[in-house]
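All residue numbers for the sequence shown refer to the numbering used here, where the first residue is 630 and numbers rise by one.
Using N, Cα and C, we set each Cβ at its ideal position, and we do this for glycine too.
Below is one structure, written out as structure tokens; the observations come after it.
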Amino acid sequence: MLYIELIRLWDEAVRAIDTRDWQGALTKLNQITDHNCRTMFVVASTHIALGQVDLAIKALDHVIAKDSCLAVGFFQRSAVHMMANRLEEALSDCILAQKYMRENPVIDYKQLGLRYKMYSWQVLYNAAAVYSRLQQWDKARDILMAASEERGAGRSNLIDTALEAIYRREVLEPLLVPEGEVFRPRKQEVDQLKPRDFLGEAKVITSLIPNDDFRGFDPLRPQKPGYYEPKVIDGQDSRYMVLKSAYVAKGAGELTVPAGAEVFVYSDEDKDGLAVVIYDGKRGLVPNFLLEPMGKKNKAKYKRIELANGIPHPPALKPPNRPQGPTQRPLEFHPTCAGATHTTPPTTSNSTCVPTQQAQSSPEDSGSVVVKVHYTYTIALRVPLETAFRDLQEKIAQKLGQPGTNIRLRHRRHGTRVLMPLNGDDGLDSLEGVAESGRAKIWCQNEDPLANRTILYQMVALYDYNAQGPEDLEFSEGDTIDILSEVNEEWLEGHIAGKIGIFPRSFAHQDTESISGASTD
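Shown next as structure tokens:
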């Protein structure tokens, strides 16, 4: 039998005895298959309370068999033998009880779980009770006189009353352990029966998700303010859809969502042609006609290839730059040159083979330029060459689905890696000073004002850097970073698009003079 089961049944039996439910206690005790001397003493006490003397004697026999030096066992059995009128066995038990007290005036059984103190005078009193039943009054009187000389609480009145009974030739009643006082299991062992959580209960200390009381061991959920996108149960139709084209919020409650973005349809109830969706942790409205189901075709169409987080490719693995030829573009030959035996472009001005792009250029393309915009993704648009930077900014903002005041345009000067702002301060008013061979390359960043901080200098990002923690600053290759402070030799504190964080110094390159003293407040 498991020890924990023994403790459990023992404790339940003791609790039943405390309520004087003797039969219930006996039922629990009978379920114990491997008794010790203390549990058998509880069984004997229960039989005594029920008046079952013979069963009590058998139980006390088992107690003494398991612990032959238990003085209280002999003392209790001597009283039960007297109740069964077995006087010789009772007198023998009194002698053994006195022997195993080892001349101690008292034994306290509290440490063993029995809240009872047995005194030597009580053993002598039971011996006198045996002699009184044998009608040996003189021996009974002598033993009581010896008991009166022993130390112990409560003996005076009881001994005096017993002597008077002996003088009147009356039989003495035996002393027993008080009813209800039994051996109890240790409190520490009983407390261990209750289930205990050694690891403790998880508690949410802080979270960006409102009313977050999650305490399980789920994979990490996106810590974004507002609503988070719920998951769809397997077997149900996906509630994720894709936006066909970019949408800029025009009213209260609407969302600005770029083209190709995945959104979760929170509610498709028709509200003036608008659907409630969740995007980037925010809930808002977008037109229904812009939504299309998310399928394999869409996934492949809008899938972006990203590098491993925080591990950019070495510079040697980057593709080579475009060759700097006289036309800055690959040449395609006219069909009349199809019979030529080589594909090398002619070097003389009298050649009759001209590039197809030049031959097919239409009048509407003359005076225009193709602008390639590097954002979180890349877009291209054709605009007139004399387009002002402010008009260009509005066109690009409309294309990206962003307000024009929230983006910043920059271009790269020849011979440098730093991106310079396109604001007209450097003498450039239109694309004419930026475009080369009908093409212009522009970098676009989200703009957010930075207040009460001084910019020490600027650096240009050499590689993509994905944030490894909430304190990191995430950026893309080519972004210009405003340096606010130097944390140590390897880490800097920077600012991009209203976000402030730290990043490794080796991921960026400084190619400008210090602009200390400049403040964005």
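Rounded to whole angstroms, what is the Cα-Cα separation between residue i and residue j?
{"i": "I729", "j": "C698", "result": "In the sequence as presented, Ile is not what sits at residue 729; that position holds Tyr. Cα-Cα distance, rounded: 6 Å."}
{"i": "C723", "j": "K695", "result": "19 Å"}
{"i": "L1038", "j": "G829", "result": "53 Å"}
{"i": "Y1004", "j": "N1081", "result": "27 Å"}
{"i": "Q1031", "j": "V1116", "result": "33 Å"}
{"i": "F1018", "j": "K1128", "result": "25 Å"}
{"i": "E634", "j": "L822", "result": "9 Å"}
{"i": "T648", "j": "I772", "result": "38 Å"}
{"i": "L1010", "j": "R1134", "result": "34 Å"}
{"i": "V819", "j": "T790", "result": "43 Å"}
{"i": "I862", "j": "R868", "result": "With a pLDDT of 49 at I862, under the threshold of 50, the predicted position of this residue should be treated as unreliable, though the coordinate-derived value follows. Roughly 10 Å between the two C-alpha positions."}
{"i": "N659", "j": "R797", "result": "45 Å"}
{"i": "Q989", "j": "K1001", "result": "Legend: pLDDT at Q989 = 43, less than 50; position of this residue unreliable, value from coordinates given subsequently. Taking the straight line joining both Cα atoms gives about 22 Å."}
{"i": "L805", "j": "T662", "result": "27 Å"}
{"i": "I795", "j": "N755", "result": "13 Å"}
{"i": "R784", "j": "R762", "result": "21 Å"}
{"i": "L914", "j": "D901", "result": "10 Å"}
{"i": "L689", "j": "G702", "result": "7 Å"}
{"i": "I907", "j": "F893", "result": "5 Å"}
{"i": "V999", "j": "L1014", "result": "9 Å"}
{"i": "M1049", "j": "G1067", "result": "20 Å"}
{"i": "L612", "j": "Y760", "result": "In the structure as shown, the chain begins at 630 and stops at 1150. Residue 612 is therefore absent and cannot be evaluated."}
{"i": "Q1022", "j": "E1118", "result": "37 Å"}
{"i": "L903", "j": "G910", "result": "19 Å"}
{"i": "R744", "j": "K768", "result": "32 Å"}
{"i": "E608", "j": "L920", "result": "Any question about residue 608 goes unanswered here, given that the chain covers just 630 to 1150."}
{"i": "K873", "j": "N1095", "result": "27 Å"}
{"i": "E993", "j": "E1122", "result": "Any reading at E993 must be qualified, since the residue scores a pLDDT of 43, below 50, and its modelled position is unreliable; the value itself is stated next. The straight-line gap from Cα to Cα measures roughly 48 Å."}
{"i": "M774", "j": "R825", "result": "57 Å"}
{"i": "H1138", "j": "Y895", "result": "44 Å"}
Could you spell out the range, first to last residue, of the beta strand (DSSP E) harbouring residue i?
{"i": "Y908", "result": "L903 to Y908"}
{"i": "Q1074", "result": "R1068 to N1075"}
{"i": "S1114", "result": "T1109 to E1115"}
{"i": "K687", "result": "Taken as a continuous stretch (DSSP letters only), K687 belongs to no beta strand (DSSP E), being part of the alpha helix (DSSP H) at V682 to K695."}
{"i": "Q1087", "result": "Y1086 to A1090"}
{"i": "K1128", "result": "K1128 to P1133"}
Quick check on residue i: buried or exposed, where buried means 16 or more other Cβ atoms within 10 Å of its Cβ?
{"i": "Q740", "result": "exposed"}
{"i": "I1025", "result": "buried"}
{"i": "T1007", "result": "exposed"}
{"i": "G882", "result": "exposed"}
{"i": "L1085", "result": "buried"}
{"i": "A673", "result": "buried"}
{"i": "G1130", "result": "buried"}
{"i": "D1108", "result": "buried"}
{"i": "M747", "result": "buried"}
{"i": "R933", "result": "Unreliable positioning characterises R933 in this predicted model, as indicated by a pLDDT of 43, which lies under 50. The coordinate reading is nonetheless provided below. Exposed, since its Cβ has fewer than 16 Cβ neighbours within 10 Å."}
{"i": "V800", "result": "exposed"}
{"i": "A597", "result": "This structure does not reach residue 597, given that the chain is present from 630 up to 1150, and the question cannot be answered."}
{"i": "Q705", "result": "buried"}
{"i": "I940", "result": "Because I940 carries a pLDDT of 47, less than 50, the predicted location of this residue cannot be relied on, and no value is offered for it."}
Any idea what DSSP makes of residue i, helix, strand or coil?
{"i": "M923", "result": "coil"}
{"i": "H710", "result": "helix"}
{"i": "R1019", "result": "helix"}
{"i": "L872", "result": "strand"}
{"i": "V999", "result": "strand"}
{"i": "T1005", "result": "coil"}
{"i": "I736", "result": "strand"}
{"i": "V701", "result": "helix"}
{"i": "M774", "result": "helix"}
{"i": "L914", "result": "strand"}
{"i": "G1062", "result": "helix"}
{"i": "S1105", "result": "coil"}
{"i": "I1036", "result": "strand"}
{"i": "A888", "result": "coil"}
{"i": "K746", "result": "strand"}
{"i": "L1014", "result": "coil"}
{"i": "F1136", "result": "helix"}
{"i": "K947", "result": "In this prediction, K947 has a pLDDT of 49, which is less than 50 and means its spatial position is unreliable; nothing more can be read from the coordinates."}
{"i": "T1083", "result": "strand"}
Return the first residue and the last residue of the alpha helix (DSSP H) that residue i is part of.
{"i": "M669", "result": "C666 to A678"}
{"i": "I1125", "result": "Counting along the chain, I1125 falls outside any alpha helix (DSSP H), though it belongs to the beta strand (DSSP E) covering W1120 to I1125."}
{"i": "R637", "result": "Y632 to D647"}
{"i": "V752", "result": "S749 to R762"}
{"i": "K816", "result": "K816 to D820"}
{"i": "I724", "result": "L716 to Y729"}
{"i": "N1095", "result": "No alpha helix (DSSP H) contains N1095, which DSSP labels as neither H nor E."}
{"i": "Q652", "result": "W651 to N659"}
**OP:** Please list the segments of the alpha helix (DSSP H) lying wholly inside the region 777 to 805, counting only runs of 4 or more residues, in order along the chain.
**Re:** Listed in chain order, they are 784 to 796.
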